[in-house]
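Enquirer: Pasting in a structure now, in structure tokens, and then I'll have a few things to ask.
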Amino acid sequence: MTDTASTQGFTFESLLEAVQPETGGREILDPATGELVGRVFVPSVSALDEAVATAEQAQPAWAGLGHDERSRLLALAADAVEANAEPLAQLLSREQGKPLNGPNARFEVGACASWLRATASFEFTPEVLVDDGQTYAELHYRPLGVVGAIGPWNWPMMISVWQLAPALRMGNSVIMKPSEYTPLSVLALAEVLNTVLPEGVLQVVAGDGAVGEAMSTHSDIDKIMFTGSISTGKAIIGSSAGNVKRLTMELGGNDAGIVLPDADPKAIAEGLFWGAFINTGQTCAALKRLYVHTDIYDEVCRALTDFAAKVPMGNGRDERNELGPLQNKAQFDIVDSLVESAKSSGAKVILGGDPDREAAGYFYPTTLIADIDPQNPLVTEEQFGPALPIIRYDDVDEAVDLANSLEVGLGSSVWSSDRSAAVEVAARLEAGTTWINSHGGIDPRIPFGGAKQSGYGLEFGVHGLKGLGQPHVVVG
Ligand code: NDP
Numbered sequence: 003m004t005d006t007a008s009t010q011g012f013t014f015e016s017l018l019e020a021v022q023p024e025t026g027g028r029e030i031l032d033p034a035t036g037e038l039v040g041r042v043f044v045p046s047v048s049a050l051d052e053a054v055a056t057a058e059q060a061q062p063a064w065a066g067l068g069h070d071e072r073s074r075l076l077a078l079a080a081d082a083v084e085a086n087a088e089p090l091a092q093l094l095s096r097e098q099g100k101p102l103n104g105p106n107a108r109f110e111v112g113a114c115a116s117w118l119r120a121t122a123s124f125e126f127t128p129e130v131l132v133d134d135g136q137t138y139a140e141l142h143y144r145p146l147g148v149v150g151a152i153g154p155w156n157w158p159m160m161i162s163v164w165q166l167a168p169a170l171r172m173g174n175s176v177i178m179k180p181s182e183y184t185p186l187s188v189l190a191l192a193e194v195l196n197t198v199l200p201e202g203v204l205q206v207v208a209g210d211g212a213v214g215e216a217m218s219t220h221s222d223i224d225k226i227m228f229t230g231s232i233s234t235g236k237a238i239i240g241s242s243a244g245n246v247k248r249l250t251m252e253l254g255g256n257d258a259g260i261v262l263p264d265a266d267p268k269a270i271a272e273g274l275f276w277g278a279f280i281n282t283g284q285t286c287a288a289l290k291r292l293y294v295h296t297d298i299y300d301e302v303c304r305a306l307t308d309f310a311a312k313v314p315m316g317n318g319r320d321e322r323n324e325l326g327p328l329q330n331k332a333q334f335d336i337v338d339s340l341v342e343s344a345k346s347s348g349a350k351v352i353l354g355g356d357p358d359r360e361a362a363g364y365f366y367p368t369t370l371i372a373d374i375d376p377q378n379p380l381v382t383e384e385q386f387g388p389a390l391p392i393i394r395y396d397d398v399d400e401a402v403d404l405a406n407s408l409e410v411g412l413g414s415s416v417w418s419s420d421r422s423a424a425v426e427v428a429a430r431l432e433a434g435t436t437w438i439n440s441h442g443g444i445d446p447r448i449p450f451g452g453a454k455q456s457g458y459g460l461e462f463g464v465h466g467l468k469g470l471g472q473p474h475v476v477v478g
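Numbering (the working numbering), first residue to last: 3 to 478.
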């Protein structure tokens, strides 16, 4: 542990060296080029038991530091991320594929520092529940113990921080299990954070899905923070019952956006575009199906196409690019097959839809599909990539019904020149968050979570901290 984290600087090479095994390991390839990024040591499931023992040993002293000291160290951890921002972003860009520039790798590393600092800053004191002269009751939140954090490959560093920062702030120790696609990014982040944190409070076990499963059954892990697909989330819910594990489930979504007839197509085009295409569409709360009133349908399609056609896609190290490849072949194939199903149904491709399937990188071009049936699979299934279906509607009740018709409800949005009209429609949407005239913007102070099968439990802000503590009522 040190007070001078900001002086500890990694280069890209030294950071990569620090997280790679000396020999062997599994190859990690750049999704933009197919070139070798580095190698990762693949631990067996038994490594988890060692990590849990270390975490259990480290946790009481960490909890004993108290909120002020833990917050001070988390703020120092934010400084350490900032001091190493460029090598972290370089590695993230190579491994995940996202460009350095735009709302991508540098942005993600910056968000890690912001989230750490914000999570360190929240006021968190016991709540006085009743104080009427006869009864006095307080609500405290004690540490849970060891928290397992299982994450996806789309925003691997930022989502790790969403999980680890509140867990650490609340006095827990943490074991991270990154996606097999992006382990180096999470290992590198932990390497930087551990220049500041006491030994053993934050560890990474970069194994496969079997390690994730072992975490969810492990009797000495007290809580799982999970971000990933609905099917894996359901498996974790089933396998975590043994010790009545606490769970926060941030699962998949298929966010609807509804454009009301009074919206200004040119004014909203940029917001619609980035709402849908941030991180090349590989974002849980991205806009994934857009319902547009027939009166302005053609104008919205035109404005969106004009904007989208100008946003460059390519290798992330080229500073001009703001969109990158799909992270992996499986995801490329999902997007490809959904767009092909839309095409064969007679939907109209107004941009893209013509990938080079022989290219070395998993680039799928920015794609807009108009005049599509609301029940087409590109609309009803999560594409998680750069292909947006635009559905025409005549009546707002019909649009609300379609938006609410799926079993998921992470985010949603309403677009209008009249805020109160938009708020009325927002009140009818089944989702964890509804944005007005934007989509997907998150803030460390504002709670975020899903409705329906998009999950349960809130992240961020004081609500997020409470999810990482054991409520303890003291009466008298
Ligand atoms: P997956 O569910 O496939 O994987 C997520 C993590 O779970 C990985 O680390 C994976 O390990 C691990 N895992 C696999 N099997 C098990 C198991 N049986 N028990 C425990 N852990 C297991 O999701 P993806 O990585 O493919 O991420 C994409 C999905 O995540 C999308 O559906 C997206 O919507 C959702 N998502 C949701 C977000 C939200 O906030 N709601 C944010 C970001 C993504 P391994 O890689 O080794 O298989």
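Each residue gets a CB set at the ideal place from its N, CA and C atoms; glycine is no exception.
Return the Cβ separation of ALA453 and GLU426 in integer angstroms, given the expectation that the two are a contact with Cβ distance under 8 angstroms.
Expert: For the purposes of this step, residue 453 is taken as the residue at position 451 of the sequence shown. For the purposes of this step, residue 426 is taken as the residue at position 424 of the sequence shown. Rounded, the Cβ-Cβ distance is 19 angstroms, inconsistent with contact.
Enquirer: What are the start and end residues of each continuous alpha helix (DSSP H) run of 4 or more residues lying completely inside the region 309-388, in chain order?
Expert: Runs of the alpha helix (DSSP H) inside the region 309-388: 331-346 and 379-382.
Enquirer: Beta carbon of TRP155: closer than 7 angstroms to some heavy atom of the ligand NDP?
Expert: The count along the sequence shown starts at 1 and reaches residue 155 at position 153. Yes, since a heavy atom of the ligand NDP falls inside the 7 angstroms radius drawn around the Cβ of TRP155.
Enquirer: Can you tell me the Cα-Cα spacing of LEU195 and ALA82, whole angstroms?
Expert: On the sequence shown, position 193 is the one that residue 195 refers to. On the sequence shown, position 80 is the one that residue 82 refers to. About 7 angstroms.
Enquirer: For LEU249, tell me which candidate among TRP437, ASP338, ALA79 and GLY150 has the shortest Cα-Cα distance.
Expert: Position 247 of the sequence shown, counting from 1, holds the residue named residue 249. If we check each option's Cα against that of LEU249, GLY150 comes out closest.
Enquirer: Can you check DSSP and say which residues form a bridge with ASP257?
Expert: As a first step, residue 257 is located in the sequence shown; it is residue number 255 there, counting from the start. In DSSP, ASP257 forms a bridge with LEU289.
Enquirer: With ALA487 as the anchor, note down where its beta strand (DSSP E) starts and where it stops.
Expert: Beyond the ends of the chain as shown, which are 3 and 478, falls residue 487; an answer cannot be given.
Enquirer: Just verifying my parser: in three-state terms, what is the DSSP assignment at ASP297?
Expert: Along the sequence shown, one-based indexing puts residue 297 at 295. It is helical.
Enquirer: Alpha carbon to alpha carbon, how far is ASN103 from ALA85? Give it in angstroms, no decimals.
Expert: Against the sequence shown, residue 85 aligns to sequence position 83. Against the sequence shown, residue 103 aligns to sequence position 101. Their Cα atoms are separated by approximately 18 angstroms.
Enquirer: Please determine, among ILE177, VAL294 and ASN330, the residue with the shortest C-alpha to C-alpha distance to GLY202.
Expert: As a first step, residue 202 must be located in the sequence shown, where it is residue number 200. Minimum Cα distance to GLY202 is reached at ILE177.
Enquirer: According to DSSP, is GLU217 part of a helix, a strand, or is it coil?
Expert: Here residue 217 refers to the residue found at position 215 of the sequence shown. For the sequence presented, residue 217 should be read as Met rather than Glu. Reduced to three states, the DSSP call for MET217 is helix.
Enquirer: Drop a sphere of 10 angstroms on the beta-carbon of GLN385, count the other beta-carbons inside from all chains shown, and report buried for 16 or more, exposed for fewer.
Expert: The sequence position of residue 385 within the sequence shown is 383, counting from 1. Classification for GLN385: buried.
Enquirer: Check whether the Cβ atoms of LEU31 and VAL39 sit closer than 8 angstroms, and answer yes or no.
Expert: On the sequence shown, residue 31 is found 29 positions in, with the first residue counted as 1. On the sequence shown, residue 39 is found 37 positions in, with the first residue counted as 1. Contact: yes.
Enquirer: Can you give me the start and stop residues for the beta strand (DSSP E) that VAL416 sits inside?
Expert: Position 414 of the sequence shown, counted from the start, is the residue given in the question as residue 416. VAL416 -> beta strand (DSSP E) spans 413-417.
Enquirer: Between which two residues does the beta strand (DSSP E) holding ILE226 run?
Expert: Position 224 of the sequence shown, counted from the first residue, corresponds to residue 226. Run containing ILE226: 225-229, per the beta strand (DSSP E) assignment.
Enquirer: Considering just the uninterrupted stretch of the alpha helix (DSSP H) at VAL403, what are its terminal residues?
Expert: Taking the sequence shown and counting its residues from 1, one reaches residue 403 at position 401. Note that residue 403 is Asp in the sequence shown here, rather than Val. Residues 398-405.
Enquirer: In angstroms with no decimal places, state the Cα-to-Cα distance between SER95 and ALA34.
Expert: Here residue 95 corresponds to residue number 93 of the sequence shown, with the count starting at 1. Here residue 34 corresponds to residue number 32 of the sequence shown, with the count starting at 1. Those two C-alpha atoms are separated by around 9 angstroms.
Enquirer: Can you tell me where the beta strand (DSSP E) with THR435 in it begins and where it stops?
Expert: Position 433 of the sequence shown, counting from 1, holds the residue named residue 435. 435-438 is the span of the beta strand (DSSP E), which, as asked, contains THR435.
Enquirer: Closest by CA to THR56, which one among ILE223, GLY273 and THR296?
Expert: Along the sequence shown, read from residue 1 onward, the residue named residue 56 stands at position 54. When each option's Cα is compared against that of THR56, the closest is ILE223.
Enquirer: Can LEU253 be considered in contact with the ligand PLP, in the sense that its beta carbon sits closer than 7 angstroms to one or more heavy atoms?
Expert: Among the ligands in the structure shown, the ligand PLP does not appear; only the ligand NDP can be found there.
Enquirer: What whole-angstrom Cβ distance do ILE374 and TYR293 have, given they're in contact under 8 angstroms?
Expert: Here residue 374 refers to the residue found at position 372 when the sequence shown is read from its first residue. Here residue 293 refers to the residue found at position 291 when the sequence shown is read from its first residue. Not really, about 11 angstroms apart at Cβ, beyond 8 angstroms.
Enquirer: Specify the secondary structure class of ARG28 as computed by DSSP and reduced to three states.
Expert: Taking the sequence shown and counting its residues from 1, one reaches residue 28 at position 26. Looking at ARG28 - three-state DSSP - the assignment turns out to be strand.
Enquirer: Closer than 7 angstroms: is that where the CB of LEU412 sits relative to any heavy atom of the ligand NDP?
Expert: Your numbering for residue 412 matches position 410 in the sequence shown. The answer is yes for LEU412.
Enquirer: Taking GLU129 as part of the alpha helix (DSSP H), name the residues at either end of that continuous run.
Expert: For the purposes of this step, residue 129 is taken as residue 127 along the sequence shown, with counting starting at 1. No alpha helix (DSSP H) holds GLU129; the beta strand (DSSP E) holding it covers 129-133.
Enquirer: Three or more C-beta pairs closer than 8 angstroms, one from the region 99-113 and one from the region 205-214: is that the case here?
Expert: Short answer: they don't touch.
Enquirer: Would you identify the three-state DSSP class for LYS454, choosing helix, strand or coil?
Expert: Numbered from 1 along the sequence shown, position 452 holds the residue referred to as residue 454. Reduced to three states, the DSSP call for LYS454 is strand.
Enquirer: Could you tell me the distance, in whole angstroms, from the CA atom of LEU262 to the CA atom of ILE298?
Expert: Within the sequence shown, the letter at position 260 stands for residue 262. Within the sequence shown, the letter at position 296 stands for residue 298. About 9 angstroms.
Enquirer: Would you please state the rounded distance, in angstroms, between the beta carbons of PRO170 and LEU204? I believe it to be under 8 angstroms.
Expert: Counting from 1 along the sequence shown, the entry for residue 170 is found at position 168. Counting from 1 along the sequence shown, the entry for residue 204 is found at position 202. In the sequence under discussion, the amino acid at residue 170 is Leu, which differs from the Pro named in the question. Right, the Cβ-Cβ distance comes to about 7 angstroms (below 8 angstroms), so this counts as a contact.
Enquirer: Kindly indicate which residue of LEU146, ILE152, GLU140 and THR369 has the alpha-carbon position closest to the one of ALA237.
Expert: For the purposes of this step, residue 237 is identified with residue 235 of the sequence shown, where counting begins at 1. The candidate whose alpha carbon is nearest that of ALA237 is ILE152.
Enquirer: Given VAL464, which residues of its chain have a CB within under 8 angstroms of its CB, disregarding the five upstream and five downstream residues?
Expert: Position 462 of the sequence shown, counted from the first residue, corresponds to residue 464. So the qualifying residues of the chain are PHE124, GLU125 and PHE126.
Enquirer: Taking only runs of the alpha helix (DSSP H) that begin and end inside the region 88-133, which ones reach a length of at least 4 residues, in chain order?
Expert: If we require 4 residues or more, the alpha helix (DSSP H) runs fully inside the region 88-133 come out as 107-123.
Enquirer: Rounded to the nearest angstrom, what separates LEU141 and VAL132 at their Cα positions?
Expert: The count along the sequence shown starts at 1 and reaches residue 141 at position 139. The count along the sequence shown starts at 1 and reaches residue 132 at position 130. In a straight line, the C-alpha of LEU141 is about 10 angstroms away from that of VAL132.
Enquirer: Using 8 angstroms for Cβ pairs, my map puts LEU408 next to ALA278. What's the rounded Cβ distance?
Expert: Along the sequence shown, read from residue 1 onward, the residue named residue 408 stands at position 406. Along the sequence shown, read from residue 1 onward, the residue named residue 278 stands at position 276. Not really, about 17 angstroms apart at Cβ, beyond 8 angstroms.
Enquirer: Cβ atoms of GLY387 and LEU370: under 8 angstroms apart, would you say?
Expert: Sequence index remark: in the sequence shown, residue 370 carries index 368 (1-based). Sequence index remark: in the sequence shown, residue 387 carries index 385 (1-based). Against a cut-off of 8 angstroms, the Cβ pair of GLY387 and LEU370 comes out as no contact.
Enquirer: Could you check what DSSP says for PRO425 in three-state terms: helix, strand or coil?
Expert: Working through the sequence shown from its first residue, we reach residue 425 at position 423. Looking at the sequence itself, residue 425 is Val, so the reference to Pro does not match. Three-state result, VAL425: helix.
Enquirer: Is ILE238 near the ligand NDP, in the sense that its beta carbon is under 7 angstroms from a heavy atom of that ligand?
Expert: Counting from 1 along the sequence shown, the entry for residue 238 is found at position 236. Yes, the beta carbon of ILE238 sits closer than 7 angstroms to at least one heavy atom of the ligand NDP.
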